[in-house]
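FYI, the numbering for the sequence shown is 239 to 977, going by my numbering.
Just so you know, even glycine gets a beta-carbon here, dropped at the ideal spot from N, CA and C.
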Amino acid sequence: MPKFRPKTTKRLKHRAIARIPGRPAKPSPKLSGGGRRVSGEIGEIVRKRAEAEAAIAEARKSHERLREAIDILPQGIVFLDAEGRYILWNKKYSEIYNRSSDLFEHGARLQDTIRIGVERGDYPEAIGREEEWIAERLTKLYRPGERHEQTLADGRVILIEERLTEDGGVIGLRVDITELKQREASFRLLFDSNPVPMIVCALDGERILGVNDAAVEHYGYSRAEFEKLTIRNLQAFDSELPWAGDHSSDEQTARTWKHVRADGALIDLAIYSRQLVHGDRPAILLALMDITERKRAEARLAFMAQHDSLTGLPNRNLLRQQMDDILLHTRRGAEKAAVLVLGLDNFKAVNDTLGHGIGDKLLRGVAKRLRSTLREEDILARLNSDEFAIVQSGVTRPEDAVLLARRLLEAIGDPYLLDGHSVVIGASIGIAVSPGDGEESEKLLKNADMALSRAKNDFRGTFSFFEAEMDARAQTRRKIEIDLRDAIQNGVLRPYYQPLVDLSTGRITGCEALVRWPHAERGMISPAEFIPVAEETGLINALGGLMLQRACLDAAQWPDDVRVAVNLSPLQFRVGNLLSVVMDALKQSGLPARRLELEITETLLLEKSSQVLATLHALRSLGVRISMDDFGTGYSSLSYLRSFPFDKIKIDQSFARDLGSNRDAQAIVRSIISLGMGLGVTITAEGVETEAEFSCLRDEGCHEGQGFLFSHARPNAEIVNLLKAQSGAGAEDEAALVA
Ligand code: C2E
Ligand code: CA
Ligand code: CA
């Protein structure tokens, strides 16, 4: 059982004490008083005696000084001669042994005073074993340097230390350590019965010197096992000791530490350490608070704050943190990271029809499949109800992201068996790649999300990359969409008309209706800007229908030999009611079908849809003429010319532009013209701006021209005047249009 003594205790120190001469004998009475004989011997004797007396007086004086000196010492001191007789002792000594002090006198033997004391019961430890105790006590007396404790009848505890002197005597020191003993006992009590596990270990070498019951219980080691351990053996990781670097005695610091119990379980501890003295050596007292539960609760909370409770995947917060780490790497190296945002198609329908229970199971199933498709180092997170984010690191080319996107879509696509239902769900993916599409997690996620919207709008079940302009475009498009909806509803959109001119006669054969949008803030907005938006949002059907109606109504007021051309978007063919829209427009305006020309582009024929061809044929059989617009751009188009009997081919304005400078352009224009003639199709050149272009085209045999040289697109009122002038005047006046 270890003994503890708070470190502050001062150690008992030996004081060097001058050798004390034996007590001088009393002066002989024969010599005192003096004689009257005045012989030489006597004189000698008297002189010697005087000398002796002076020496004695001197010795007494120094004896008194010594007594005074030892009396002020805080310890008890006793001097014994070689036979164990009392020579000298101080006040403190008498005080300590107050019950036996009547026994002390010069020349008395210690062993006798002890024996009397024992018989009187001055030493409770001796009771019942008196002789034995006295023998032990006396052996200790002549064992130099050894310390022992002695309990007195009144409960005081005395520390005894005795040393031999050169002449065989003994110097004994006595210290009253009663208070110290009491403190030690209460410390002992505090240590042993403390519910907090406590360990005392050596400051150097880390050996465990003592443990309390709570520590035994907590760690599951027996006391014997503990004694073979060092504090390092308890630590879960070989790291610094909890008090390393902190040796200041009174500082109490708590450190958190991981220990291993005897059963192998890891425990989290808050350790309070304090330096103390154990026996004679510096030691550390450790109080160990088990905070395993608290740590676990903290960890649970932290996890919940960063994860989605349904799938257990990281949430947006954690995703951003993890992304930031990855992006830091990609910013330095040549590697990229791809962010894929995956959205489930029609997830709401699953929830609505099969219930939220199945919806939740589906999400868990999706999460599981996604996770197992990814590599360990890829991040998967759930962004919101039906969107997941994947961060693919180590990407070198965009194709890496494409491959992953395909694998993910494939993995998700297989049916899920949920509560007896076979559920199929598709997904779309938007991809943004750092650093090109953004260097911050927030921006990358936003851009991937934008790419996702596009993937969803275009065709579901596929993926789409973020494009740089997408961002800015998306903003203005959104605004245009809102304004355009209003403009269509409020009848703000209207057609302008651009004449088509017969190149040989100079007469206006027809006018193309081009939509115009006078915008309150932005002035006239170009159709090149808003037609694509109308197509994306489906507004094109309303817009196209409106243009057809207005153009037919306007053209019905024009001379009977002037046609009107209306542009059609491929999307208007998808809806399926185009034929009836055209018929209604004709019927309401009273315009004969032969005076209506519909312009379509090659893109319509790309799909090779039989429905499109059927509609075209049906329109044509109404008597409506069909023109191929923007011919010569994009795909090479001869096959399209064969797939449908067009009435007119409009050569794209880029050819007119190149006629003067580019021989190839001239050759192409020439061959298109001869092709058209062969097929019996009218050929119209778009974008005629100069006399030179005009005469060149006319010389090549092109039938019609359209362009700024003849006229810009104009409001109907102006066109009406122009046409009036044309039918009223002769051929000479018509040339005025050209000039
Ligand atoms: P597009 O069908 O090729 O129409 C001809 C475009 O060329 C018109 O532009 C016209 O103003 C322009 N243009 C005419 N002559 C010249 C010329 O000499 N030089 C130059 N540089 N340009 C000339 P706009 O009105 O801006 O229309 C652009 C496009 O918008 C049209 O091209 C057409 O594809 C589309 N669009 C216009 N109105 C409608 C419509 O009502 N419905 C549909 N679906 N599309 C329309
Ligand atoms: Ca056109
Ligand atoms: Ca055109």
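Closer than 7 Å: residue i CB and nearest ligand 3 heavy atom
{"i": "LYS888", "result": "yes"}
{"i": "GLU924", "result": "yes"}
8 Å CB neighbourhood of residue i in its chain, flanking five on each side removed
{"i": "ARG788", "result": "ARG732, PRO733 and ALA751"}
{"i": "ILE415", "result": "GLU387, VAL395, ILE396 and LEU397"}
{"i": "SER460", "result": "VAL454"}
Any non-hydrogen atom of ligand 4 within 7 Å of residue i CB
{"i": "ASP868", "result": "As far as ligands go, the structure on display features ligand 1, ligand 2 and ligand 3 and does not contain ligand 4."}
Ligand 1 heavy atom lying under 7 Å from the CB of residue i
{"i": "PHE893", "result": "no"}
{"i": "GLY898", "result": "no"}
{"i": "GLN559", "result": "no"}
{"i": "LEU844", "result": "no"}
{"i": "ILE769", "result": "yes"}
{"i": "ALA951", "result": "yes"}
{"i": "ASN805", "result": "yes"}
{"i": "GLY945", "result": "yes"}
{"i": "VAL753", "result": "yes"}
{"i": "MET785", "result": "yes"}
Heavy atom of ligand 2 within 7 Å of residue i beta-carbon
{"i": "GLU837", "result": "yes"}
{"i": "GLU750", "result": "yes"}
Contact belief for residue i with residue j at Cβ below 8 Å, rounded distance in angstroms
{"i": "LEU411", "j": "GLU422", "result": "About 20 Å separates the two Cβ atoms, so there is no contact after all."}
{"i": "ALA453", "j": "MET436", "result": "6 Å"}
{"i": "ILE778", "j": "LEU809", "result": "5 Å"}
{"i": "ALA686", "j": "ALA670", "result": "4 Å"}
{"i": "MET866", "j": "ILE887", "result": "5 Å"}
{"i": "ASN450", "j": "PHE464", "result": "Contact flag wrong, Cβ pair sits at about 10 Å."}
{"i": "ILE529", "j": "ALA543", "result": "The pair is not a contact, with the Cβ atoms about 20 Å apart (cut-off 8 Å)."}
{"i": "LEU348", "j": "GLY322", "result": "5 Å"}
Close-in-space but distant-in-sequence residues of the same chain around residue i (CB under 7 Å, 5 per side omitted)
{"i": "ARG504", "result": "The sequence given here has Leu at residue 504, not Arg. Result list for LEU504: ALA474, LYS496 and VAL498, in chain order."}
{"i": "LEU786", "result": "VAL804, VAL819, VAL820 and ALA823"}
{"i": "ARG261", "result": "In this predicted model, ARG261 has a pLDDT of only 42, less than 50, meaning its place in the structure is not dependable; the value taken from the coordinates is given anyway. Answer for ARG261: ILE325 and HIS344, listed in chain order."}
{"i": "SER660", "result": "PRO653"}
{"i": "PRO953", "result": "TYR734"}
{"i": "ASP309", "result": "ASN328 and LYS329"}
{"i": "ARG569", "result": "PRO673 and GLU677"}
{"i": "GLY271", "result": "Low per-residue confidence applies at GLY271: pLDDT is 46, beneath 50, and the placement is therefore not dependable, though the value from the model is reported in the following sentence. Excluding positions up to five away in sequence, the list is empty."}
{"i": "ALA725", "result": "LEU731 and TRP755"}
Residue range of the unbroken alpha helix (DSSP H) whose run includes residue i
{"i": "ALA639", "result": "636-651"}
{"i": "THR591", "result": "585-592"}
{"i": "HIS204", "result": "No statement about residue 204 is possible, as the shown extent of the chain runs from 239 to 977 and does not include it."}
{"i": "TYR878", "result": "876-881"}
{"i": "TRP371", "result": "368-379"}
{"i": "GLU444", "result": "Note, GLU444: premise wrong, no alpha helix (DSSP H); not H, not E."}
{"i": "PHE768", "result": "765-775"}
{"i": "LYS684", "result": "679-696"}
{"i": "PHE893", "result": "891-896"}
{"i": "ILE280", "result": "278-309"}
{"i": "VAL958", "result": "954-966"}
{"i": "GLN849", "result": "848-860"}
Element boundaries [beta strand (DSSP E), containing residue i]
{"i": "LEU526", "result": "519-528"}
{"i": "VAL633", "result": "625-633"}
{"i": "VAL804", "result": "801-805"}
{"i": "LEU836", "result": "834-838"}
{"i": "LEU655", "result": "654-656"}
{"i": "TYR201", "result": "Residue 201 lies beyond the range of the chain shown here (239 to 977); nothing can be said about it."}
{"i": "LEU618", "result": "617-622"}
{"i": "PRO733", "result": "732-740"}
{"i": "ASP506", "result": "504-516"}
{"i": "LEU318", "result": "314-318"}
{"i": "ALA665", "result": "664-672"}
{"i": "THR922", "result": "920-923"}
Residues near residue i by beta carbon distance below 6 Å, same chain, minus five either side
{"i": "PHE882", "result": "LEU854"}
{"i": "LEU642", "result": "GLN630"}
{"i": "TYR878", "result": "GLU840 and LEU843"}
{"i": "TYR380", "result": "none"}
Practice task
Spell out a yes or no on whether the stretch 837-854 and the stretch 803-821 are touching, meaning 3 or more CB-CB pairs, one atom from each, closer than 8 Å.
Solution key: yes
Handout entry: Contact between the stretch 636-653 and the stretch 691-706 (3+ Cβ pairs under 8 Å)
Key = yes
Practice task
Could you tell me whether the stretch 912-924 touches the stretch 934-948, using the rule of 3 or more Cβ pairs below 8 Å?
Solution key: yes
Problem - Segment contact, 8 Å Cβ cut-off, at least three pairs: the stretch 539-558 with the stretch 594-606 - result: yes
Practice task
Report yes or no: do the stretch 755-764 and the stretch 954-967 share at least 3 C-beta pairs separated by less than 8 Å?
Solution key: no
Handout entry: Validate contact between the stretch 550-562 and the stretch 675-683 using beta carbons, cut 8 Å, 3 pairs
Key = yes
Exercise for the section: Determine, using beta-carbon pairs with one atom in the stretch 579-586 and one in the stretch 618-633, whether at least three such pairs fall under 8 Å. Expected result: yes
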